[in-house]
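Working notes for the structure below.
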Amino acid sequence: MKASALKTFCFTLERIEFFLKNIKEIIEKLSTTQILSKEEIILLLNIDEDSATPLFEAANQVRLKYMGNDVHLRGLIEISNHCIKSCNYCGLRKENINLTRYKMNKNEILNSVNIAIDLGYKTIVLQSGESNVFPAEEIVEIITFIKEKGLAVTLSLGEKDNDVYKLWKEVGADRYLLKHETADPTLYQALHPDMSFAMRRLCLKNLKDLNFQVGSGCMVGLPEQTLASLADDLLFMQEIDVEMAGIGPFIPSPNTPLAHNSTGTVFMTLKMLAIARLLMPLAHLPATTALGTIHPQGRQLALQAGANVIMPNITPVHYRKLYEIYPDRISLGDKVKLDKLISSLGRTIANDAGHSPKMKLP
Ligand code: 5AD
Ligand code: SF4
Numbered sequence: 003m004k005a006s007a008l009k010t011f012c013f014t015l016e017r018i019e020f021f022l023k024n025i026k027e028i029i030e031k032l033s034t035t036q037i038l039s040k041e042e043i044i045l046l047l048n049i050d051e052d053s054a055t056p057l058f059e060a061a062n063q064v065r066l067k068y069m070g071n072d073v074h075l076r077g078l079i080e081i082s083n084h085c086i087k088s089c090n091y092c093g094l095r096k097e098n099i100n101l102t103r104y105k106m107n108k109n110e111i112l113n114s115v116n117i118a119i120d121l122g123y124k125t126i127v128l129q130s131g132e133s134n135v136f137p138a139e140e141i142v143e144i145i146t147f148i149k150e151k152g153l154a155v156t157l158s159l160g161e162k163d164n165d166v167y168k169l170w171k172e173v174g175a176d177r178y179l180l181k182h183e184t185a186d187p188t189l190y191q192a193l194h195p196d197m198s199f200a201m202r203r204l205c206l207k208n209l210k211d212l213n214f215q216v217g218s219g220c221m222v223g224l225p226e227q228t229l230a231s232l233a234d235d236l237l238f239m240q241e242i243d244v245e246m247a248g249i250g251p252f253i254p255s256p257n258t259p260l261a262h263n264s265t266g267t268v269f270m271t272l273k274m275l276a277i278a279r280l281l282m283p284l285a286h287l288p289a290t291t292a293l294g295t296i297h298p299q300g301r302q303l304a305l306q307a308g309a310n311v312i313m314p315n316i317t318p319v320h321y322r323k324l325y326e327i328y329p330d331r332i333s334l335g336d337k338v339k340l341d342k343l344i345s346s347l348g349r350t351i352a353n354d355a356g357h358s359p360k361m362k363l364p
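This is the structure:
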């Protein structure tokens, strides 16, 4: 090797060493302090596959220390795919006239709840597009039924007036999921022509003030999304002190303006999850269906990088097919497969409701 080439080689090695030392220090600091600057988060999001193992291991250890070995199962019922919004990434957007719309009737919902009970699930998640096909009072009846059965209720029904959130809280709803999708205001506006980040933030604040356990979350790999905006997603969720953070890859959906964009990567999603675990040790982190959809081991990888929740879909199959936010959504298969997946990782299925551990803090 020529002297000049050798010099360049040594310089590169030195830089890599410096970089790795830096990363190690950041991970160590984060495992104990939960404080990280935006620049440090960006540095972690930038690491390559060869250097990422310590990050995933640290997240896995923090998950074990704060959340234990239990995986919480939440039975997800997609009660309607009607939607009045125009999110550019989502197959349920109102402009998609190729989709058959449905609304589950009360009996169908109650049957699904009973199936969840038989499967041993302790939480029901009621999810829908954003619309008024379910008047607030109808949701009250469903919440009441589920609470009478002794289960926890999570709602994921979009932006509503504070009065409606209040009513649902009063009749016993425990949690609310409202993903912020992206904390980058410019990107938020571009993706949601008919919505505003300010309103999203207000709804999340209202839910917090009403004492809901609040879940938010974002997509990874959106067009024009930068590492800086991903860092902002994590800092935003830390700032509003979420009880749950749903982080999944963007998957292009046909019949949407983003149909021809590329899919978010498994690796970036896992790094986001791992950093989320280190920044928010007491947050519930689901191994998302979206991650399982783009990689056959997606959920297992997530569970080993900080995640501790799975949301099996218990929507009747003929409706599930119509809840097409993106194509080829995986189903978990049967309960036996799910039990196997969890035990193969040395994990256990929780037998409590899995409320946020923050609720037990003084
Ligand atoms: N890719 C990944 N996630 C999506 N969602 C909607 N469309 C997509 C997509 N194309 C997620 C959003 C939203 C929820 C309904 O589904 O995060 O909150
Ligand atoms: Fe509707 Fe939610 Fe899809 Fe937006 S993301 S179009 S609000 S279902």
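For what it's worth, my numbering labels the leading residue of the sequence shown as 3, then goes sequentially. Glycine included, every Cβ here is placed at the ideal spot set by N, Cα and C.
Straight-line measurement puts the Cα of R76 at about 5 Å from the Cα of T125. For T146, the enclosing alpha helix (DSSP H) covers residues 138 to 150.
Closer than 7 Å to some heavy atom of ligand 2: that does not describe the Cβ of C220. A contact between stretches requires three or more CB pairs, one per stretch, nearer than 8 Å, and the stretch 178 to 190 meets this requirement with the stretch 208 to 224. Across the set R349, T317, G294, I327, the C-alpha of R349 shows the shortest separation from the C-alpha of N310. In terms of Cβ geometry, A60 and S33 form a close pair [threshold 8 Å]. Short of 6 Å from the beta carbon of R202, and not among the five residues preceding or following it, lie these beta carbons of its own chain, in chain order: H182.
With fewer than 16 other Cβ atoms from the protein chains shown falling within 10 Å of its own Cβ, D120 counts as exposed.
Out of L38, Q36, S39, L46, the CA that lies nearest to the CA of I25 is found in L46. Looking at the DSSP output, I126 sits in a beta bridge with G77, V155. Membership of R177 in any alpha helix (DSSP H) is not indicated; the residue belongs instead to the beta strand (DSSP E) covering 177 to 179.
Under the three-state reduction of DSSP, D165 is assigned to helix.
The alpha-carbon separation between P56 and S333 amounts to approximately 31 Å. Apart from sequence neighbours up to five positions away, the residues of its chain that approach R331 with a beta-carbon distance below 7 Å are T291, T295, ordered along the chain. One alpha carbon belongs to D354, the other to Y321, and they sit about 29 Å apart. The secondary-structure analysis by DSSP pairs H262 with nothing; it has no beta-bridge partner.
In this structure, Y104 sits near N83, with a CB-CB distance shorter than 8 Å.
As the crow flies, the alpha-carbon of D234 is around 7 Å from that of K40. DSSP, reduced to helix, strand and coil, places S88 outside both helices and strands of the structure shown, so it counts as coil. Those residues whose C-beta sits under 5 Å from the nearest heavy atom of ligand 2 are, from N- to C-terminal order along the chain, C85, K87, C89, C92, L94, R95, G131, E132. In this structure, the straight-line span from the alpha carbon of Q191 to that of L204 is close to 16 Å. For K339, DSSP records no beta bridge to any residue.
Note on geometry: alpha-carbon atoms of G250 and D163 lie some 27 Å from one another.
DSSP lists M246 as the bridge partner or partners of H286. When C-alpha distances from S358 are compared across N62, K171, E42, H74, the shortest belongs to H74.
Per DSSP, the unbroken alpha helix (DSSP H) holding S114 starts and ends at 108 to 120. In this chain, the alpha helix (DSSP H) harbouring G300 covers 300 to 305. E42 counts as buried, since at least 16 other C-beta atoms from the protein chains shown sit within 10 angstroms of its C-beta. In summary, E326 is buried, with 16 or more beta-carbon neighbours lying within 10 Å of its beta-carbon over all protein chains present. According to DSSP, I327 shares a beta bridge with no other residue. Per the coordinates, the alpha-carbon of E150 lies some 28 Å from the alpha-carbon of M69. If you draw a 10 Å sphere on the C-beta of Q302, you find 16 or more other C-beta atoms in it, and that means buried.
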